[in-house]
DNA sequence: AAACAATCGTTGACTTTTTCAATGATCCGT
DNA sequence: ACGGATCATTGAAAAAGTCAACGATTGTTT
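Residue numbers (my numbering), protein chains in the order written: chain A, 1 to 152; chain B, 153 to 304.
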């Protein structure tokens, strides 16, 4: 997305009223974060989204593709592509739904969990870099507020 | 973006560790917010991005297109499209840069400010809807934390 | 039990968005 | 004045998003 500036500028435009617009703040932080995250995940052949899918596949929650689509705010067809990719690389596999035979449950392979652990460690470093302007308390506060805004 | 669920579900998948991933939380809140914002702005022929450009044009800060691109995390060519659109509709105009004649300064027209005021009011309602799970204090806290994370 | 509508994953077409290199004009340092 | 850098702009290529249709399966209605 956009330009590749890794620099941390304090643009004079932040003074504008729009600097308080939640939508813009989210967009900006999300944009810069994605850049860093994808760069960090590239070493493992992953991107933010495939990492999310892999994480949920490793979670033991046995998500269906529909649940993945809902939770990740994706179109079902996008989930197909993501799972296809991970499955071809032997990181996850599709299992038949238990109550519903239409649904496919996505579960991780041993190799998938191996890769996931490494990638997760890299991502944590990455997050800390992005939020280095925040104290440990503020970091936790931010997470809590985002979660509360999303699902009470 | 993704599916059109306006419903506020509390998916069981939020239980996964990934429910604490800042990147995902930002992506999700940004996704649902964009949907609402764009819907609210549609009445004025605007979207999140053209609204941002219009806001900065109305700010009196006289931003150049390059500054807009940097601040909004967009490619310069995308700014060209956005400004083209707003200019054709008479909401902003391009003025010559003062020190730098290569640069174009984007300023609002009277009509642009008129539209902007209406759109901004609509957006505020929208934001309040999205963050209704948060108290007034928490709302302010969230903004402050996002700003601090972005530029100290 | 048979018919019906709804849902799941999948595919493919279509549109929008993003990315990137090239260009003329202008600026800056030497 | 020269050379390299930056600005806005264009256009093409790549990626991402949207959407309707399909077979298989489920739940619901009659």
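Each residue gets a CB set at the ideal place from its N, CA and C atoms; glycine is no exception.
Asked, Found
"Chain-ordered chain B contacts of residue 108 of chain A [CB-CB under 7 Å]", "Simply none; closest approach about 12 Å."
"Secondary structure of residue 164 of chain B, DSSP reduced to three states", "helix"
"Reduced DSSP category for residue 255 of chain B - H, G, I as helix; E, B as strand; rest coil", "coil"
"Residue-level contact to chain B via CB, residue 91 of chain A, 7 Å cutoff", "no"
"Residue 130 of chain A versus B:166, B:173, B:164, residue with shortest Cα-Cα distance", "B:173"
"Three CB pairs or more closer than 8 Å across the segment 136-148 of chain A and the segment 65-76 of chain A", "no"
"Neighbouring residues, chain B, relative to residue 59 of chain A (Cβ below 9 Å)", "165, 167, 168, 169, 170"
"Whole-angstrom distance between residue 93 of chain A and residue 278 of chain B, CA atom to CA atom", "40 Å"
"Exposed unless 16 or more other CB atoms sit within 10 angstroms - verdict on residue 48 of chain A", "buried"
"N- and C-terminal bounds of the alpha helix (DSSP H) containing residue 247 of chain B", "From DSSP, residue 247 of chain B is part of no alpha helix (DSSP H) but of the beta strand (DSSP E) over 244-248."
"Whole runs of the alpha helix (DSSP H) within the segment 99-146 of chain A, excluding any shorter than 4 residues", "110-130"
"Length of the line joining the Cα atoms of residue 258 of chain B and residue 207 of chain B", "11 Å"
"Cβ separation of residue 165 of chain B and residue 71 of chain A, assumed to be a contact under 8 Å, to the nearest whole Å", "4 Å"
"Distance between residue 86 of chain A and residue 170 of chain B (C-alpha atoms, nearest Å)", "18 Å"
"Whole-number beta carbon distance between residue 189 of chain B and residue 275 of chain B, since they are thought to touch under 8 Å", "6 Å"
"Straight-line Cα distance separating residue 295 of chain B from residue 88 of chain A", "42 Å"
"Short CB-CB distance (under 7 Å) between residue 28 of chain A and chain B", "yes"
"Backbone CA spacing between residue 4 of chain A and residue 117 of chain A [nearest angstrom]", "In this prediction, residue 4 of chain A scores a pLDDT of 44, lower than 50, which makes its location untrustworthy; no coordinate-derived value is stated."
"Interface flag, residue 295 of chain B vs chain A, CB-CB below 7 Å", "yes"
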